[in-house]
Amino acid sequence: MSEVLLSVENMVKQFPIKQTMFDVIARKPKRYVRAVDDVSFQVQKGETVGLVGESGCGKSTLAKTICRLHSPDGGKVVFDGMDMFGLRSDELRRVRYKMQMVFQDPYSSLNPRMTVRQMLTEILSVHKLCPKEERTARELEVLDMVGMGENALDRYPSQFSGGQRQRINIARALIMKPDMLIADEPVSALDVSIQAQIINLLIDLKNELDLTMLFISHDLRVVKYISDRVVVMYLGRIVEMGETEELYESPCHPYTDILLKAAPEVDPDSDGGEYVIHGETPSPIDIPGGCRFHPRCPYADEKCKTVEPPLVELWPGRCVACHHRLGGQGPA
Amino acid sequence: MMREPLLSVRELRTYFLNNKKIVRAVDGVSFDVNKSEIFGLVGESGCGKSATCRSLIRLVQSTGEIVGGEILYNGEDIVQAPEKRMAEIRGREIGMIFQEPMNTLNPLTTIGVQLMEVYQRQKLSKAEMTEKAVEMMRLVGIPDPVTRLKDYPHQFSGGMRQRAMIAIALAAQPKLLLADEPTTALDVTIQDQIIRLLLELREKLSMSIILVTHDMGVASRMCDRIAVMYAGRIMEITTSHELFYNPRHPYTLGLMRSMPLAGKGVRLEPIQGTPPDLSEEITGCPFAPRCKMACDRCRTESPALREVEPGHLSACHRAEELTGESFLTCKEVQ
Amino acid sequence: MKTKTILSKKLRPDRPYALIIGGVMLAIVLLMTFFPSLFTSYDPLEQNFAIALKPPSAEHIFGTDNYGRDLFTRVVYGARVDLKIGFLAMIVPLFVGSFIGLVAGWFGGWVDALLMRIQDIMTAFPFTILVIAIISILGRSESNVYIAIWLVGWKDYTKLVRSEVLIEKNSEYIQAVRSLGFSDLRIMFRHILPNTINSAVVYAVSDVMLCMLVAASLSFLGLGVQPPVPEWGAIISEGRPFILNAWWICALPGLALAFTGTSLSLLGEGISHILTNDGRK
C-alpha cells in the first residue's frame, strides 16, 4: 500500500459573522459561518486528488486552512508525519515550503513591484537551502521546468500574459522542491487554449518531480482529466469521494449526479437530458437541518430532513453521505 | 428560399483607445442573424466578441467607438441612427443581459420598480403594470412573484437575480436578445437552469438571441449557428453541428483539442503561443503565428471569410484540407 | 466620419503638465531658500524708518513694512524658514505614522483596535486646536511647534496606510509569500510596504503645505516663530495693525504662501499620477 502524505481529520473552519453594535448590546450570541465542517480525507503520496464543488462549498477555505493560511477551529492535519496545527509558528515557517500553493488569479498572486529574479532569489535566501553562487542556476532550472527562458528573469509581472504569470506562480511554488502542490483553481482564470498548456505543464511536473497534488476546481471536465481520485463537497461537507473514473461513471450521491448532468457537455446534439435541478445552494449561514442537500434533492424524504447522513465507506476508497444512495455497483 | 435576416452586420469595426494606442477590437466583422435563431459568438478573452455584441446597440465604452461598417436591423442602419431612435431600439427592439446582474440592476430600487419602469412609456395604469410585471416574473420562473416584486436586488440569490435581469430585458418584448456571458458567473447547476430558461423563452416568444460565450459547452447546448472569433475577426461561421463535427478552421480545431474531453492519459494539444496584440498591425492571417498549417500565403495575405460548403463559412486559405476532423477525434481516442 | 476624429484627438499624448509646472514653481522657492541673495540685495533685518510703510515701487517691489524693512527681502528669506518647518514637520509623521499603520493593519486584533481608538479621539479635535493646546503645555518655541505637529500629524498617515494594508493583506501574493514561510517582518517591509506607501507619499507632499500653514497660523497667533525672524505667518501678523493703509504687508506674503502651496499640490498630483500609473513598468 502506498503511504499517506496528507491526512485531514475532522477539520473545522468557521468565520464569525460581523455583529452590529445593536447585536452586541442585545447580547445576541456570536454567529458563525461554518465554511468547512468536519471534513476528513487522505491524500496518498504521488496521487492527484481533485476537490470539486460549487462556489461557497468551502473547497478553497479547506485548502487555505490545510496550508495554515487560515487558522483552524478544530481537527487535525498531518502532513508527512508532522502535526501541522500543533507546530509553533517558527517551526511552521521552516516546513511550510514543503507544501506549496498555486493560486487562482494570475494577476493578484504576484507582487507587482518585484522582478521574477527578486521574487525567486528572496525565497532561496530566506530558506538558505542553496549556496549564493548556485542561485541563478537554480532559478533558471525552475523557469526552464515551467517552460520559460532566461529573459523572464528581470521582468516585472505586468510584462507577462495571464498564462505566463501562472507559469511563474508555479515556478515560485516549485523552487523549494516541495513534496506537495495545492492548486486552488489554477486554470479557472485562463482561456481554454492557455488552460490546456497549464494542465499539460502540471501533469508533466507532477510526473517528473513525483509531486503529490490537491487540485481544486469547479470545472468537472478539468478535474476528471487530471485527478486520480475526486472529493465532492457541498456546503462545507464531503458528500462523496472515490476513484475518478468510477465516480464519474456511477455517482452515488444525488448531488454528484446532478453536478455531472448539469455541466454542459460539448456535443451539439445533446439536449442536456430531462433532468433539472431546482433551487440554489442555501447560504452557509443557515445550513438546513438533516441532510444539507435535502431542499434540492429529488429523493429527499422525512428522514433526510432530520437525520444527517454520515459519510460511510461503501467499499475501499469510495465514500458517500446519503440515505438514498444511487446505483454504484461497486468496483468492476 | 431566401429568408430575410433580422440583423445583418457588415464589415463592422469598433476600435478602442488603450495606452495611447488604437486597439482594433472588432476588425471587419460580418454576419447575419435570422428570426428566432440563437446565434453564438464564441472565442477567447480579448477576441472582440463582447465588443461586437455591445456595438450592436451602440453601448461601447467611452474609450472606444464604431469606426466603420453597418448594422442593419430590419433594414435600418443602427450605426447611423440618431440617438433618440437608438433609445427606442434599445430595450423595445433589442434587449441585453450581462454577465454580472449585480452590476446592472439598480441596488437602490426594488425589482418591481425596475421592471415597471419599462411599461411606463406605454402609459398603463398602475394595476396593469403590476399585473404585467408579475406575469413577466412568472415567465422567467421566479417563484412567488407578487411578493418578490417588492424585494431589492441584494435580496435575490445569484440565479434569481439573473432571472430578474432577463425579465427586465424581455419586458418590452424585444425581437432580439443580446446575452453577454449570461451564465459565466454562475455555478453549473444554476447555469443549467438559466440555459433551459433561455431556450424555453426563445420558443415561447420566438425571439432571436445572440449569445456571447467562451464556453464551448454552453455554446453547443444553446446555439443554432456559431461564429468563432479570433483577434477581432470571424474565423468560421456555421451551424453548431457542423462546427463540432466538421470544423473548417485550424483555430476552431485547436480550441477543441485544448479541451479535456478525452479520458486521462490522452495528452491535450494546446494551441501554442498567445493571441496577437491588437494594437499592432497584423499582416496575413492573425492566427498564422500559432497555426500548425500556416504557409507563406497565410503570413502575407489575410484570408477572407468565404463559403467552403453551403452555409459553412471559413476564413482560412487551407480550409479544404481540413476534412474528416471533428471534436469526436479528440474525444474518442480513449 | 466624425467618430474617427474623436479617436485621433484622444491619441495625442498627454504630458505631465502638473508635475512640470509644480516642479518649476517649487524650484523657484527652493532657489530662494538656498540662494536668497540672488533675488535681493537688501538685508531682511535692516531697519530704515525713513522709508517705513512705502507701497510697492520699482525700488521695493513688495513695498516696506512699519520698520522700513524691504518686504520682498523678508519674504525671500522667509522661504527658508517656512520650507524648513513644513518639511521637518511632515517627515517624522510620514515615517512614524506609516509604520504604525503598517503594524495596525498587519497584526489587527487589539493592537489595531487600540491604535485606531487613539486615532479616533485625536480626529475628534480640530488639528490646529490640538497643536495649540500642546504648545501651550510645552511652551512657546520653534522646536515645540515641531513636537506638537509630530504628535498630531501621524494619524493621517496611519489611517491611509492601514486601510491599504487591510486590502493588500488578503491579496493572493501575500498569501503566497506567507505559505513560503517568510517572517512577518519581511512580509511587512519587503512586500506590503512598497505596495501601500504610495498614497502616504502623495499625501506627504501636500502635507508640507498643511504644516507650513499651521506654522504660519501659529506665528500669526504669536505661538510659533518669534519676531524678528522673517516667517511668512509672522510677517502677516506684524502687518495686521496696518492692514487698512498698508495692505501689501499682509497680502504679498500671503501670495508667497499660496504660490508655494500651489506648487506643492501640483507636484503631489503629478507624483500620484506617476505612482498610480504603475511605477511597475
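Chains as they are written, first to last, in our numbering: chain F, 118 to 449; chain U, -2 to 331; chain P, 1344 to 1624. The beta-carbon is built from N, C-alpha and C at its ideal position, and this holds for glycine as well. Only a predicted model underlies this, so the values are computations on that prediction, with no experimental measurement involved.
For residue 1487 of chain P, the enclosing alpha helix (DSSP H) begins and ends at 1485 to 1512.
Distance from the CA atom of residue 206 of chain F to the CA atom of residue 195 of chain F, rounded to whole angstroms, is 16 Å. Nearest to residue 439 of chain F by C-alpha distance, out of F/306, F/365, F/349 and F/240, is F/349. Rounded to whole angstroms, the gap between the alpha carbons of residue 1445 of chain P and residue 271 of chain F is 28 Å. Exposed is the label assigned to residue 403 of chain F, since fewer than 16 other Cβ atoms lie within 10 Å of its Cβ.
Ranked by Cα distance from residue 159 of chain U, the first of U/190, U/23, U/219 and U/132 is U/190. With a cutoff of 7 Å on beta-carbon distance, residue 57 of chain U and residue 101 of chain U are scored as not near each other.
Residue burial is scored here from C-beta neighbours: residue 86 of chain U has at least 16 other C-beta atoms within 10 angstroms and is therefore classed as buried. Assigned with DSSP and collapsed to three states, residue 1477 of chain P falls in helix. Each of U/79, U/104, U/236 and U/174 was checked against the Cα of residue 94 of chain U, and the nearest Cα belongs to U/174.
Between the segment 1547 to 1567 of chain P and the segment 1425 to 1445 of chain P, the count of C-beta pairs closer than 8 Å reaches three or more; the two stretches touch. Residues of the same chain with a CB within less than 7 Å of the CB of residue 1415 of chain P, apart from the 5 flanking positions on each side, are 1383, 1403, 1404 and 1405 in chain order.
Judged by DSSP secondary structure, residue 196 of chain F falls outside any alpha helix (DSSP H) and instead within the beta strand (DSSP E) spanning 191 to 196. Closer than 8 Å at the C-beta level to chain F, one finds these residues of the segment 26 to 56 of chain U: 41 and 42.
Counting only the Cα atoms, residue 1521 of chain P lies some 19 Å from residue 1452 of chain P.
Taken residue by residue, none of the segment 73 to 101 of chain U has a beta-carbon sitting less than 9 Å from a beta-carbon on chain F.
In this structure residue 1581 of chain P does not touch residue 1424 of chain P by the C-beta definition: roughly 14 Å separates them, more than the 8 Å allowed. Residue-level contact by beta carbon fails for residue 160 of chain F and chain U, as no gap is shorter than 7 Å. Within chain U, no C-beta atom comes nearer than 8 Å to that of residue 229 of chain F; the closest sits roughly 17 Å away. For the pair residue 130 of chain F and residue 223 of chain F, the CB atoms are not nearer than the 7 Å cut-off.
Residue 416 of chain F and residue 285 of chain U have their C-alpha atoms some 53 Å from each other. Listed as beta-bridge partners of residue 281 of chain F by DSSP are no residues whatsoever. Relative to the Cα of residue 146 of chain U, the nearest Cα in the group U/24, U/131 and U/282 belongs to U/131.
Between the alpha carbons of residue 1478 of chain P and residue 1372 of chain P lies a gap of roughly 28 Å. A direct Cα-Cα distance of roughly 20 Å separates residue 191 of chain F from residue 425 of chain F.
Note that the segment 184 to 204 of chain U does not touch the segment 108 to 120 of chain U; fewer than 3 beta-carbon pairs, one per stretch, sit closer than 8 Å.
Put simply, the CB of residue 399 of chain F is far from chain U, with every gap to its CB atoms at 7 Å or more. Taking 7 Å as the cut-off, the Cβ atoms of residue 48 of chain U and residue 23 of chain U count as close. In terms of Cα proximity to residue 1516 of chain P, the closest of F/227, F/313 and F/231 is F/227. Residue 40 of chain U and residue 70 of chain U have their C-alpha atoms some 24 Å from each other. The distance from the Cβ of residue 1470 of chain P to that of residue 1488 of chain P is about 13 Å, inconsistent with a contact at the 8 Å cut-off. Between residue 281 of chain U and residue 292 of chain U, the C-beta spacing is not below 7 Å. Closer than 8 Å at the C-beta level to chain P, one finds these residues of the segment 204 to 225 of chain F: 209, 210, 211, 212, 213, 214, 216, 217, 218, 220, 221, 222 and 225.
In the three-state DSSP reduction, residue 286 of chain F falls in the helix class (H, G or I). Per the C-alpha coordinates, the member of F/351, F/330, F/134 and F/296 positioned closest to residue 344 of chain F is F/330. Uninterrupted beta strand (DSSP E) stretches at least 3 residues long and entirely within the segment 333 to 366 of chain F occur at 346 to 351 and 354 to 360, given in chain order.
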